[in-house]
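Taking it in order: structure first as structure tokens, then the write-up.
In the numbering used here, the protein residues as written are 533 to 676.
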């Protein structure tokens with residue numbers, strides 16, 4: 533979709549993985565249930581809703597795709613259709629991909645990939661683990 537001679541690649545500022553995203557009346561995004569890892573009592577686990585938020589700057593028109601791969605990268609467990617977005621000059625764009633009923637069959641470091649115009653642009657690891665009551669892979673005692 534993008535003519536790379538006219539539009540350089542956009543800049544990805546961040547990727548956030550969360551349970552849900554809401555567009556407020558003020559046109560701001562509210563993100564609920566941010567994930568650094570998914571920790572559950574047992575596996576497999578099916579996430580009813582999983583959202584991937586990408587924040588971009590730059591200029592041009594692009595197609596974005598998101599996919600989640602198994603830890604061995606052998607197969608996707610979720611793939612989004614291509615989604616067009618445009619970044620106006622000196623602007624930014626938020627691209628939100630929402631998956632429903634994503635099943636993580638086993639523990640491991642799943643790979644969240646973002647593609648631009650069908651080319652791999654970035655990857656983020658999403659750890660999935662079965663933990664007991666008193667175990668935590670990721671925890672925070674402070675909110676900043």
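We put the CB at the ideal spot given by N, CA and C, even for glycine.
Determine the contact status of residue i and residue j, defining contact as a CB-CB distance below 8 Å.
i	j	result
residue 658	residue 548	no
residue 585	residue 563	yes
residue 625	residue 636	no
residue 610	residue 619	no
residue 638	residue 629	no
residue 642	residue 613	no
Should residue i go down as buried or exposed, given a rule of 16 or more other Cβ atoms within 10 Å for buried?
i	result
residue 594	buried
residue 542	buried
residue 568	exposed
residue 632	exposed
residue 487	Nothing can be reported for residue 487, as the shown portion of the chain is limited to 533 through 676.
residue 651	exposed
residue 583	buried
residue 676	Low local confidence applies: a pLDDT of 45 at residue 676 is under 50, so the model's placement there is unreliable, with the coordinate-based value given in what follows. Residue 676 is exposed by the Cβ-count criterion.
residue 623	exposed
residue 606	exposed
residue 645	buried
Just to check my reading of the structure: residue i and residue j have Cβ atoms closer than 8 Å, yes? What is that Cβ distance to the nearest angstrom?
i	j	result
residue 647	residue 597	4 Å
residue 571	residue 634	Wrong, their Cβ atoms sit about 16 Å apart, outside the cutoff.
residue 544	residue 654	6 Å
Beta strand (DSSP E) containing residue i: first to last residue?
i	result
residue 568	Taken as a continuous stretch (DSSP letters only), residue 568 belongs to no beta strand (DSSP E), as it is neither H nor E.
residue 545	543 to 555
Every unbroken beta strand (DSSP E) within the segment 597 to 676, with a cutoff of 3 residues, ordered by chain:
608 to 611, 615 to 636, 640 to 648, 651 to 662
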